[in-house]
Amino acid sequence: MMKRRHFAALAGAALAAPTVLAQDRTLRIWVGFPPGGSADVIARLLAQKLAASLNQNVIVENKPGAAGRLVLGELRRAAPDGQTLVLSPSGAMVIAPWLYSNIGYDPVKDFTPVSRIVTFDFAVTAGPGAPQGDLKAVLAWMKANPGKANYATSGAGTVPHFAGLMLGQASGVPITHVAYRGGAPAAQDLIGGQIPLMVDTASETIEHHKAGKVRILAVTGEQRSKALPDVPTLKEQGINMAADAFFGLYGPPGMPADVVGRIDRAVAEALKDPVVQEKIFAFGLVPSHAPAADLAATQVSHLKRWETPIKASGFKPE
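Its first residue numbered 16, the sequence shown is counted upward by one per residue in this note's numbering.
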């Protein structure tokens, strides 16, 4: 699946005869999650800016279901005219294909990459149910108390789920995953002391961290997060592991290259806006524009990266 020809298929998905983006139609950005989450907020920030740049109506439509997979199945059947896009987190593109035998789409062949929007890593956050000290101290406590060695995430089969498993393997401390129905209920149990540790996007705990209710002990990126510059990485703390993710803008297969380019240029301009950047940083995410070919390469790289840990985990979705 991850052969070189697939990268070529992704990178060249938009090579087609020139087409003019219609000015009198509405561009729809679909989001496979309910309103209020980071994907929804970013899509609405983009929509406002793209409307002006593209000189047409741009609206966001929420189509939640199956952790963002259902909307991708619908996108692959849409007309490739540049009027229908999906803002997707990377999990649906690089995790789900290794978990499900039939997800309803091929992540490589069935979409046209348009733009990478943001990148982000994950926060390892301790609540009052964990002892004081740094991450190593918390992990040492977990090793001594295996019955309490649990970590929360926003759901089973997500990138944070497998990032947590990798953390346990890299640190030599077995930790047990506890899946919640979203980041908010997981964070509430973390704050309440019902679970000692949480691995998820920083947006779920960053405000609680600033308020002193929880402690973000590490970020999982190769470098410190610009949203949390004072928090060390796992590697800085002697744990040889890193994990990150991204949001990408995708269209149906066969979108013309000129249409892709025009939308991508408008996205790049939108992400330069200081107000947009500030709001993205507030979610613990980092504005990180990249054009179609780079998004394609990033997707292929992440597909390869996650294959082994997912298969080694033995996890099977219900």
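Beta carbons are placed, not taken as given, at the ideal position from N, Cα and C, and that holds for glycine.
Checklist entry - Going by DSSP, what residues sit across from M270 in a beta bridge? => result On the sequence shown, position 255 is the one that residue 270 refers to. For M270, which the question treats as bridged, DSSP gives no partner whatsoever.
Checklist entry - How many angstroms separate the CA atom of R84 from the CA atom of Y115? => result What you label residue 84 is simply residue 69 of the sequence shown in a count that begins at 1. What you label residue 115 is simply residue 100 of the sequence shown in a count that begins at 1. Distance between the alpha carbons of R84 and Y115 is about 11 angstroms.
Checklist entry - Cα-Cα, which of P244, L180, G276, K64 is closest to S257? => result For the purposes of this step, residue 257 is taken as residue 242 along the sequence shown, with counting starting at 1. For the sequence presented, residue 257 should be read as Ala rather than Ser. Out of P244, L180, G276, K64, L180 has the C-alpha closest to the C-alpha of A257.
Item to check | Run of the beta strand (DSSP E) containing F135, from where it starts to where it stops | outcome: In the sequence shown, the residue the question calls residue 135 occupies position 120. F135 -> beta strand (DSSP E) spans 127–141.
Next on the checklist: Which same chain residues end up closer than 6 angstroms to L150 when comparing Cβ atoms and leaving out the 5 residues on each side of it in sequence?
Outcome noted: Here residue 150 corresponds to residue number 135 of the sequence shown, with the count starting at 1. Excluding positions up to five away in sequence, the list reads L232, A233, Q252.
Next on the checklist: Taking the alpha helix (DSSP H) that R43 belongs to, which residues open and close that run?
Outcome noted: Working through the sequence shown from its first residue, we reach residue 43 at position 28. That residue, R43, is in no alpha helix (DSSP H); its beta strand (DSSP E) goes 42–46.
Checklist entry - What residue from P128, Q71, Q63, K78 has the CA that sits closest to V46's CA? => result Start at 1 with the first residue of the sequence shown, and residue 46 comes out as number 31. Answer by Cα proximity: K78.
Checklist entry - What first and last residue would you give for the alpha helix (DSSP H) that runs through M213? => result Walking along the sequence shown from the start, residue 213 turns up at place 198. First-last for M213: 212–216, but that is the beta strand (DSSP E), not the alpha helix (DSSP H).
Checklist entry - What residue ranges within the segment 138–188 form continuous beta strand (DSSP E) runs of no fewer than 3 residues, ordered along the chain? => result 165–168
Checklist entry - Would a C-beta distance cut-off of 7 angstroms place A58 and V75 closer than the cut-off? => result Residue mapping note: residue 58 aligns to position 43 of the sequence shown, counting from 1. Residue mapping note: residue 75 aligns to position 60 of the sequence shown, counting from 1. Going by C-beta atoms, A58 is nearer than 7 angstroms to V75.
Next on the checklist: Is the separation between the beta-carbon of I206 and that of K228 shorter than 7 angstroms?
Outcome noted: Position 191 of the sequence shown, counted from the start, is the residue given in the question as residue 206. Position 213 of the sequence shown, counted from the start, is the residue given in the question as residue 228. Contact flag set, yes.
Item to check | From S53, G263, A327, residue whose alpha carbon lies closest to that of P306 | outcome: Locating residue 306 in the sequence shown gives position 291, where the first residue counts as 1. The option with the nearest alpha carbon to P306 is G263.
Checklist entry - Could you give the C-beta distance for N255 and I210, rounded to a whole number, given that I count them as a contact under 8 angstroms? => result As a first step, residue 255 is located in the sequence shown; it is residue number 240 there, counting from the start. As a first step, residue 210 is located in the sequence shown; it is residue number 195 there, counting from the start. No, N255 and I210 are not in contact; Cβ-Cβ is about 25 angstroms, not under 8 angstroms.
Item to check | C-beta contact flag for F298 and S218 at 7 angstroms | outcome: The residue given as residue 298 occupies position 283 in the sequence shown. The residue given as residue 218 occupies position 203 in the sequence shown. Contact: yes.
Checklist entry - Can you tell me whether R230 is buried or exposed, with buried defined as 16 or more other CB within 10 angstroms of its CB? => result Here residue 230 is taken as the residue at index 215 of the sequence shown, counted from 1. So R230 counts as buried.
Next on the checklist: Suppose the cutoff is 6 angstroms on Cβ atoms and the five residues either side in sequence are ignored; what does the same chain contact list for T50 look like?
Outcome noted: Residue 50 sits at position 35 when you count from the first residue of the sequence shown. The sequence given here places Pro at residue 50; Thr does not occur at that position. For P50, where only same-chain residues beyond five positions count, the Cβ hits under 6 angstroms are N77.
Next on the checklist: Could you pull the DSSP bridge partners for Y265 from this structure?
Outcome noted: By 1-based counting over the sequence shown, the position of residue 265 is 250. Partner(s): V101, P128.
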